[in-house]
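This report refers to the structure that appears directly beneath it.
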Amino acid sequence: MTNLPIHPNPLVVSNEFSLRQHNTFGIAAIASHFAEVHSLADLQSVRQHPQLMSMPRLILGGGSNLVLADRLDLLVLHMCLKGKQIVGSDADTVYVQAAAGESWHELVLWTLAQGIGGLENMALIPGTVGAAPVQNIGAYGLELKDVFHHLDAFDWDSGELVTLDKAACQFAYRDSIFKQAFKGRLTILQVTLALPRSWQPRLGYADVQRFLDQSGITTPAAQDICNAVIAIRQSKLPDPAQIGNAGSFFKNPVVSAAQRTSLLAQFPELVSYALDDGRYKLAAGWLIEKAGWKGRHLGRAGVYEKQALVLVNRGQATGADIRALATAIEQDVRALFQVSLEAEPVFAGTPQGM
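If you count the sequence shown from 1, position 212 lands on 212 in UniProt numbering, and the numbers rise without skipping.
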């Protein structure tokens, strides 16, 4: 924990603060109270302040996995802790540590610049390092849990620092203990990753292999895979700076083998992937497109025309607009496939939110 940033300046709390620039949907939400967190001392000062501690809290990273209400009567703490470094190595592993406020994508690029592979399949995932374990982020055959070693967090109940290893985090598909038993109790301060010295490419996804083949790359390096992933994601996902969105909006639903067989009888083109436990993961984007939502809109919110898994702000959309669209999609998919979709983003500042 000696590597945590030291920020001696007192915590500054702003009132009636606009979060438009702090969420990738571009929702014009107003937070009743807002503060930037640059150090452990900032969190400790909040805990020592009875009025601030009495308020509900929202821990904010890059705002890339949030749907905000128009108004949030709570304390928004924007995690701005910075710093990344190699903290050790052994015969098989290089250990990299990054503070919660670091950009995840910038961390991926930084590790590659140090000659360390292992994160390239998760290039261009938006958000911060501190948010990555909460969601157990993943893409193109790699999840955070595959490269995770431990993290350090602040316990709001005790005021103490705690360290959690991989088992303690209880990682699952887009899930962790931070969304379950420890929701609201722990705030992640820094993450330590275990990256392989003996790097091997992960080429399980056809899109990545196709890009490499088209580029004439037969023996890819980690940077080649990173370039492929970036190009693929940019071709499918809109830039939040241009079109407000939160990336993939729904989790891929998991069904039993029997349910998949039944669906295949009705929809032979069903896109699914076998899991180790005998169940199957269905492609949520395919389900949404088949239900007729790709490129459609509902008021000021819509479904991206190039990728049905992405909901977008068509201009001045509110959190309620996004929720209404998501609900309509869920209802149509359930009616057609008898499959329930689950949103990835957190709905904050609403009765159904945090």
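Note that beta-carbon positions come from the ideal geometry of N, C-alpha and C, so glycine has one too.
Outcome for residue i when other beta-carbon atoms lying within 10 angstroms are tallied against a minimum of 16
i, result
"residue 85", "exposed"
"residue 190", "buried"
"residue 302", "buried"
"residue 152", "buried"
"residue 9", "exposed"
"residue 321", "buried"
"residue 335", "exposed"
"residue 2", "Reliability of the predicted coordinates at residue 2 is poor, the pLDDT of 47 falling under 50, and the value obtained from them is presented with this limitation in mind. Exposed, by the Cβ-count rule."
"residue 113", "exposed"
"residue 198", "exposed"
"residue 42", "buried"
"residue 269", "exposed"
"residue 241", "exposed"
"residue 256", "exposed"
"residue 135", "buried"
"residue 295", "exposed"
"residue 265", "exposed"
Chain-order list of residues whose beta-carbon lies under 6 Å from that of residue i (same chain, five-residue window excluded)
i, result
"residue 273", "281"
"residue 244", "25, 26, 313"
"residue 156", "185"
"residue 332", "291"
Contacting residues, own chain, Cβ-Cβ under 7 Å from residue i (five flanking each side not counted)
i, result
"residue 15", "32, 33"
"residue 203", "209"
"residue 212", "220, 224, 228"
"residue 306", "236"
"residue 132", "104, 144, 191"
For residue j and residue i, the rounded distance between their alpha carbons
i, j, result
"residue 179", "residue 172", "11 Å"
"residue 145", "residue 74", "31 Å"
"residue 118", "residue 232", "18 Å"
"residue 126", "residue 283", "21 Å"
"residue 167", "residue 149", "10 Å"
"residue 221", "residue 194", "19 Å"
"residue 293", "residue 237", "16 Å"
"residue 196", "residue 347", "36 Å"
"residue 342", "residue 141", "20 Å"
"residue 46", "residue 216", "55 Å"
"residue 207", "residue 96", "28 Å"
"residue 288", "residue 158", "44 Å"
"residue 170", "residue 176", "5 Å"
"residue 263", "residue 337", "7 Å"
"residue 62", "residue 128", "6 Å"
"residue 218", "residue 275", "28 Å"
"residue 310", "residue 38", "32 Å"
"residue 48", "residue 329", "44 Å"
"residue 200", "residue 121", "12 Å"
"residue 317", "residue 300", "5 Å"
"residue 13", "residue 165", "33 Å"
"residue 271", "residue 286", "7 Å"
"residue 137", "residue 147", "11 Å"
"residue 239", "residue 124", "11 Å"
"residue 56", "residue 77", "11 Å"
"residue 54", "residue 188", "20 Å"
"residue 339", "residue 253", "7 Å"
"residue 234", "residue 50", "45 Å"
"residue 115", "residue 323", "43 Å"
"residue 354", "residue 110", "Reliability fails at residue 354, whose pLDDT of 32 lies under 50, so the model's placement of it is uncertain and the value that follows must be treated cautiously. Near 33 Å, if we compare the C-alpha coordinates of residue 110 and residue 354."
"residue 258", "residue 139", "27 Å"
Residue i: first and last residue of the uninterrupted alpha helix (DSSP H) it sits in
i, result
"residue 105", "104 to 113"
"residue 288", "284 to 290"
"residue 337", "319 to 337"
"residue 261", "257 to 266"
"residue 301", "No alpha helix (DSSP H) contains residue 301, which is instead part of the beta strand (DSSP E) from 301 to 303."
"residue 155", "Premise fails: residue 155 lies in the beta strand (DSSP E), 148 to 155, not in any alpha helix (DSSP H)."
"residue 85", "Where residue 85 is concerned, there is no enclosing alpha helix (DSSP H), although the beta strand (DSSP E) it sits in stretches over 84 to 89."
"residue 14", "No alpha helix (DSSP H) holds residue 14; the beta strand (DSSP E) holding it covers 13 to 18."
"residue 45", "40 to 47"
"residue 132", "132 to 135"
"residue 53", "50 to 53"
Proximal residues to residue i (C-beta, below 8 Å), its chain only, five neighbours per side dropped
i, result
"residue 29", "18, 19, 20, 23, 68, 69, 70, 71, 72, 319, 349"
"residue 52", "13, 33, 46, 75"
First through last residue of the beta strand (DSSP E) which encompasses residue i
i, result
"residue 97", "93 to 99"
"residue 57", "57 to 60"
"residue 67", "66 to 68"
"residue 71", "71 to 79"
"residue 168", "Unbroken run through residue 168 is the alpha helix (DSSP H), 166 to 169; no beta strand (DSSP E)."
"residue 311", "310 to 313"
"residue 36", "30 to 37"
"residue 245", "244 to 248"
Q. Taking the runs of the alpha helix (DSSP H) that are 4 residues or longer, which of them lie wholly in the region 194 to 235?
A. Every alpha helix (DSSP H) stretch that sits fully inside the region 194 to 235 and reaches 4 residues is listed by chain position as 206 to 214.
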